[in-house]
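Data block below; observations after.
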Amino acid sequence: MHAMSMAVPDSVQSDQYRCYHEDPRQRFRGQPGFVVVPRCVEDVALILKLCHDHEVPVIPFGGGTGLVGGQLVISDLPRPVILSTERLNCIRAIDKVASFLTVEAGCTLHDVHLAASQHDLLFPLLLASKGSCQIGGNLATNAGGVNVVRYGNMRDLCLGVEAVFADGSVWHGLTGLRKDNRGYDLRNLLIGSEGSLAIITAACLKVFPIPVERAVFLAAVDHPKAGLDLFQIMRREFGLMLSSFELISRVGIDFLSETQMGFRNPYDPMPDWLVLGDLGSECAVELDEKVISFLNDANEKGVINDALFAQSQAQIDHLWDMRELIPEANRRVGAIASHDISLPIDMIPKFIQDCGHLMASIGDFRINCFGHLGDGNLHYNVFPPAGQMAKDFADVKSMVSETVHRLVRDFGGSTMAEHGVGRIKAAELKSFETPAYMEAITSIKRALDPKGILNPGAVIERYEDG
Ligand SMILES: Cc1cc2nc3c(=O)[nH]c(=O)nc-3n(C[C@H](O)[C@H](O)[C@H](O)COP(=O)(O)OP(=O)(O)OC[C@H]3O[C@@H](n4cnc5c(N)ncnc54)[C@H](O)[C@@H]3O)c2cc1C
Numbered sequence: 001m002h003a004m005s006m007a008v009p010d011s012v013q014s015d016q017y018r019c020y021h022e023d024p025r026q027r028f029r030g031q032p033g034f035v036v037v038p039r040c041v042e043d044v045a046l047i048l049k050l051c052h053d054h055e056v057p058v059i060p061f062g063g064g065t066g067l068v069g070g071q072l073v074i075s076d077l078p079r080p081v082i083l084s085t086e087r088l089n090c091i092r093a094i095d096k097v098a099s100f101l102t103v104e105a106g107c108t109l110h111d112v113h114l115a116a117s118q119h120d121l122l123f124p125l126l127l128a129s130k131g132s133c134q135i136g137g138n139l140a141t142n143a144g145g146v147n148v149v150r151y152g153n154m155r156d157l158c159l160g161v162e163a164v165f166a167d168g169s170v171w172h173g174l175t176g177l178r179k180d181n182r183g184y185d186l187r188n189l190l191i192g193s194e195g196s197l198a199i200i201t202a203a204c205l206k207v208f209p210i211p212v213e214r215a216v217f218l219a220a221v222d223h224p225k226a227g228l229d230l231f232q233i234m235r236r237e238f239g240l241m242l243s244s245f246e247l248i249s250r251v252g253i254d255f256l257s258e259t260q261m262g263f264r265n266p267y268d269p270m271p272d273w274l275v276l277g278d279l280g281s282e283c284a285v286e287l288d289e290k291v292i293s294f295l296n297d298a299n300e301k302g303v304i305n306d307a308l309f310a311q312s313q314a315q316i317d318h319l320w321d322m323r324e325l326i327p328e329a330n331r332r333v334g335a336i337a338s339h340d341i342s343l344p345i346d347m348i349p350k351f352i353q354d355c356g357h358l359m360a361s362i363g364d365f366r367i368n369c370f371g372h373l374g375d376g377n378l379h380y381n382v383f384p385p386a387g388q389m390a391k392d393f394a395d396v397k398s399m400v401s402e403t404v405h406r407l408v409r410d411f412g413g414s415t416m417a418e419h420g421v422g423r424i425k426a427a428e429l430k431s432f433e434t435p436a437y438m439e440a441i442t443s444i445k446r447a448l449d450p451k452g453i454l455n456p457g458a459v460i461e462r463y464e465d466g
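Every letter in the sequence shown is one number past the one before it in the working numbering, and letter 119, counting from 1, is 119.
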């Protein structure tokens, strides 16, 4: 480490304390490391070359909002370098003709929203962590969020990346080309690799026209099947105008009251299930009238029981705040176990029913199942009964998670949906993926990072050389 300190310019060493060790859900604390804060791609290349030469592990760190421990050293590693991208925060360029922004990895998602909106454009990735999470972290985790129904996830939103490999070599892949079939798709390999194959330093991101009309509603449904029916009919009727379709359970709304998040219940009495829909159109089509008339019709036909239609931007914000505050309310209540799952979309109602029965056979739990119904990604979080603490259920935690995950696999789903593998799920990936898949990804890791210095233990369990 001494040799490194001498060779690296002052600018790359951290002179301020930010929290590089906290898990957003406060489940554990990361091990300390030597924090470096590069200002440019050349700094990143120099740091990686030195770490490669001296076999020092490097943990890429963006906004620190990842939920699977990929940015935190929670295993026993020789004191690592934590490479924070916070100073790589420049919006480099905008190409209005080809509709893309070139931004550095350390720009927060919120910065990118602002940069796009200054040009009357939209960058549609939307996560509740938008103020802290960074574009590099969004790419590294292939983040999803609430607009996947229409715009896709980070892989769909990225045209090119600039990245530094483990030995310090730089790949200048910042192309805004929509068609580019030069050999293997390295960009899409690095996206979602959670810092285990390279450090992403910049990216070309697609931007879109801002919808000129928007319609947001909250509908009460008897059960998730009715929500799914509504989704299917809306897709047929409104096509790509439908950008979000979220499922919310009564338990989630109860948690907002219980944790005093200052939120007014939208219904009294509260229905068991709600769906939140968001539609937008780039040209004037009288979307409000069409959606209101559609919801009236759905109400008459008994698909929904009631609907609230947002009449102003303040009401739109209120409905979305309700949805986005649920993860924080969950954190305050304290889950026994949380699961980030995706399922074949038509199986979701049966999964929720079957999993509820299985949970009831284990204990008297409260279940907050909510999330992105329109793209099949749910958060299935299991909580103790009111007045009890999650720590008192430590003995059943693994049984709960194994039961949920087994059922997800039986239904042909994934237990690593939008948050990824990180360190927390690396062992699970190994035990459930086929040997062919594990051999293929391990070979890729060995080829791009032969000394195993990049984020060891993330995605692939602790990588051993040789
Ligand atoms: C309240 C809340 C809501 C959330 N909602 C969503 C959601 O709706 N959808 C969703 O997908 N996720 C969600 N997340 C998870 C998280 O916000 C995303 O995973 C986000 O993309 C992580 O970005 P970050 O900058 O915080 O990355 P970090 O947490 O810093 O890092 C995440 C991973 O990426 C790696 N990494 C970071 N930067 C780079 C880089 N430049 N190059 C290579 N590797 C890098 C890290 O090593 C780590 O493995 C949520 C989290 C919170 C706390």
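Glycine included, C-beta positions come from ideal geometry on N, C-alpha and C.
Span of the beta strand (DSSP E) around residue i
{"i": "Thr102", "result": "100-104"}
{"i": "Leu83", "result": "81-84"}
{"i": "Arg92", "result": "91-95"}
{"i": "Val170", "result": "170-173"}
{"i": "Val36", "result": "34-36"}
{"i": "Val58", "result": "58-61"}
Which residues DSSP lists as bridging residue i, in chain order
{"i": "Ala202", "result": "Glu104, Glu162"}
{"i": "Glu213", "result": "Ser281"}
{"i": "Glu22", "result": "Arg29"}
{"i": "Glu246", "result": "Leu276"}
{"i": "Ala473", "result": "Outside the displayed range of the chain (1 to 466) lies residue 473, so it cannot be described from this structure."}
{"i": "Ala128", "result": "Looking at the DSSP assignment, Ala128 forms no beta bridge with any residue, so it has no partner."}
{"i": "Gly145", "result": "Leu126"}
{"i": "Ser414", "result": "Ser342"}
{"i": "Ala337", "result": "Val382"}
{"i": "Leu121", "result": "Pro209"}
Limits of the alpha helix (DSSP H) - the one that residue i falls within
{"i": "Ala440", "result": "435-448"}
{"i": "Arg236", "result": "224-238"}
{"i": "Ile135", "result": "135-140"}
{"i": "Ser431", "result": "426-432"}
{"i": "Val44", "result": "41-54"}
{"i": "Val459", "result": "Unbroken run through Val459: none, as it is neither H nor E."}
{"i": "Val112", "result": "109-117"}
{"i": "Leu72", "result": "No alpha helix (DSSP H) holds Leu72; DSSP gives it neither H nor E."}
{"i": "Asp156", "result": "154-157"}
{"i": "Leu177", "result": "Looking at the DSSP string, Leu177 is not in any alpha helix (DSSP H), and its letter there is neither H nor E."}
{"i": "Leu190", "result": "186-190"}
Same chain, Cβ closer than 6 Å to residue i, neighbours up to 5 away in sequence not counted
{"i": "Gly420", "result": "Val68, Thr141, Glu194"}
{"i": "Leu429", "result": "Val421"}
{"i": "Phe34", "result": "Val81"}
{"i": "Ala417", "result": "Asp340, Ile341, Ser342, Asn377"}
{"i": "Ile366", "result": "The sequence given here places Arg at residue 366; Ile does not occur at that position. The answer, listed in chain order, is Val251, Phe383."}
{"i": "Ser414", "result": "Ser342"}
{"i": "Ile345", "result": "Gly376"}
{"i": "Met4", "result": "In this predicted model, Met4 has a pLDDT of only 37, less than 50, meaning its place in the structure is not dependable enough to derive any value."}
{"i": "Ile292", "result": "Phe309"}
{"i": "Phe393", "result": "Ile336, Pro384"}
{"i": "Gln31", "result": "Val73"}
Residues near residue i in its chain [Cβ-Cβ closer than 7 Å; skip 5 each side]
{"i": "Pro456", "result": "Pro57, Leu77, Arg462, Tyr463"}
{"i": "Asp354", "result": "Leu407"}
{"i": "Leu308", "result": "Phe217, Leu218, Pro266"}
{"i": "Ser401", "result": "Ala337, His339"}
{"i": "Asp364", "result": "Pro385"}
{"i": "Glu282", "result": "Pro209, Pro211, Val212"}
{"i": "Met438", "result": "Lys430"}
{"i": "Ser398", "result": "none"}
{"i": "Gly227", "result": "Val221, Leu247, Trp273, Val275, Leu373"}
{"i": "Arg150", "result": "Leu240, Leu242, Ser243"}
{"i": "Pro349", "result": "His223, Pro224, Lys225, Leu228"}
{"i": "Thr102", "result": "Arg92, Ala93, Leu174, Ala202, Cys204"}
{"i": "Ala427", "result": "Glu461"}
Residue i at chain B interface by Cβ criterion, 9 Å
{"i": "Gln71", "result": "Among the chains in the structure shown there is no chain B, since it carries only a single protein chain."}
Cutoff 8 Å; reference residue i; Cβ partners in own chain excluding five residues on either side
{"i": "Cys158", "result": "Leu139, Arg187, Ile191, Ala203, Cys204, Leu205, Lys206"}
{"i": "His21", "result": "Arg29, Gly30, Gln31, Pro32, Leu72"}
### Complete alpha helix (DSSP H) runs within the region 339-409 (minimum length 4 residues, chain order)
List check, alpha helix (DSSP H) in window: 348-362.
### Query
In chain order, which continuous runs of the alpha helix (DSSP H) of length 4 or greater are located wholly inside the region 248-321?
Whole alpha helix (DSSP H) segments, 4+ residues: 250-258, 287-300.
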